[in-house]
Amino acid sequence: MNNIKFGNNVMTWNIVCALALLALVATVVYDFVTPIPSAIDAKKKEIQKQNDLRRDLRQDEERYAKIDSEIASFITANEGENLAPQTLKEVNTLAAMTKVKVKSFRPQRPETGADVTRMNFVVLCEGDFPNVMAFLRAADEPGVPFGVYLIQMASSDGESDKVNLTVGIVAYASPEIDLAPQQVKSEVGEQKTSG
Numbered sequence: 001m002n003n004i005k006f007g008n009n010v011m012t013w014n015i016v017c018a019l020a021l022l023a024l025v026a027t028v029v030y031d032f033v034t035p036i037p038s039a040i041d042a043k044k045k046e047i048q049k050q051n052d053l054r055r056d057l058r059q060d061e062e063r064y065a066k067i068d069s070e071i072a073s074f075i076t077a078n079e080g081e082n083l084a085p086q087t088l089k090e091v092n093t094l095a096a097m098t099k100v101k102v103k104s105f106r107p108q109r110p111e112t113g114a115d116v117t118r119m120n121f122v123v124l125c126e127g128d129f130p131n132v133m134a135f136l137r138a139a140d141e142p143g144v145p146f147g148v149y150l151i152q153m154a155s156s157d158g159e160s161d162k163v164n165l166t167v168g169i170v171a172y173a174s175p176e177i178d179l180a181p182q183q184v185k186s187e188v189g190e191q192k193t194s195g
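Under the working numbering, think of the first position of the sequence shown as 1, with each following residue one higher.
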C-alpha cells in the first residue's frame, strides 16, 4: 500500500480506468438482468386502471343518485309561490292525523337562491301532550316535505295536559326539480297515535 501514490501518474489512471470499466460492466449486467416491461403488461395495467376508474365512477354515481333523491324529498317542485299553501296543507294533514289544533300559521320572508327558494314558517299548535308529541314525531318522518328547526312547548294551564306548541319549519322549492309535491302518508299519524 505504501507504493500507491495518487496524482498525475500511470497507476492513478489505471485505477480510474479500472473503476470506469467496472461501472460499465455493472451497467451492462443490470441492463440484461432487470426485466424489460412489455407492451402487453403495460396495456394490462392501463386496462385495469380504467376498469377501476369505471367501477369507482359507477359507485360515485349511485351514491350521488341516493343523495340526490334524499335532497329531492325535501324540495317541492314549483316556483315557490305555492310553497306556503302546500306547506299549510301538509301541516293541517299532520295536525288532523294527530288530533292537534293549528292556531296560527305564519310564513316568514322567503330566501331565494339561484336554484332553491327557502321559506320559514312559524306554526302555533295546541293539544294534549301525547298528541303534540305525536305531531312532532310525524313531522320528523321521512317523506314530510319540510324540516323542523324550532320547537317550543309550554303548558296551556296547570289543570290539564294541554300544551301550546310553537314549531319553526322550513320548506324548499325549486323550479328545476321534476317531482310531484310530496304527500304525507296517513299511516304515519295512525302509527304514532296508536303507539
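All C-beta atoms in this analysis are idealised placements derived from N, C-alpha and C, irrespective of residue type, glycine included. Small disclaimer: the values here were computed from a predicted structure and weren't measured.
Q.
I want to see whether chain C comes within less than 8 Å of Lys44, judged by CB atoms only; does it?
A. Here chain C cannot be found, since the structure has a single protein chain.
Q.
Quick check: what's the CA-CA separation for Gln48 versus Ala138?
A. 49 Å
(Q) Quick check on the DSSP output: the beta strand (DSSP E) that includes Ala18 runs from which residue to which? (A) Where Ala18 is concerned, there is no enclosing beta strand (DSSP E), although the alpha helix (DSSP H) it sits in stretches over 10-33.
Q. Is it a yes or a no for the stretch 100-107 touching the stretch 145-153, going by three-plus beta-carbon pairs under 8 Å?
A. no
Q. Roughly how many whole angstroms lie between the Cα atoms of Gly127 and Val163?
A. Straight-line measurement puts the Cα of Val163 at about 6 Å from the Cα of Gly127.
Q: Excluding the 5 residues preceding and the 5 following Leu83 in the sequence, name in chain order all residues of the same chain whose CB lies nearer than 7 Å to its CB.
A: Thr76, Thr117, Met119, Ala171, Ala173
Q: Could you pull out every residue in the same chain whose Cβ sits closer than 7 Å to the Cβ of Asn14, ignoring the five residues on either side in sequence?
A: none
Q) When you compare each of Leu136, Pro107, Leu57 to Thr93 by their alpha carbons, which one comes out closest? A) Leu136
Q. Using the C-alpha atoms, what's the distance from Val91 back to Asp68?
A. Roughly 25 Å between the two C-alpha positions.
(Q) For Pro130 and Asp161, what's the separation of their Cα atoms in angstroms? (A) Cα-Cα distance, rounded: 9 Å.
Q. Among residues of its own chain, excluding the 5 on either side of Val184, which ones have a beta-carbon nearer than 7 Å to its beta-carbon?
A. In this prediction, Val184 scores a pLDDT of 38, lower than 50, which makes its location untrustworthy; no coordinate-derived value is stated.
Q. Residue ranges of each beta strand (DSSP E) run of no fewer than 3 residues wholly in the stretch 57-128, ordered along the chain?
A. 101-107, 117-128
**Q.** Integer-rounded CB distance, given that Ile169 should sit under 8 Å from Val123
**A.** 6 Å
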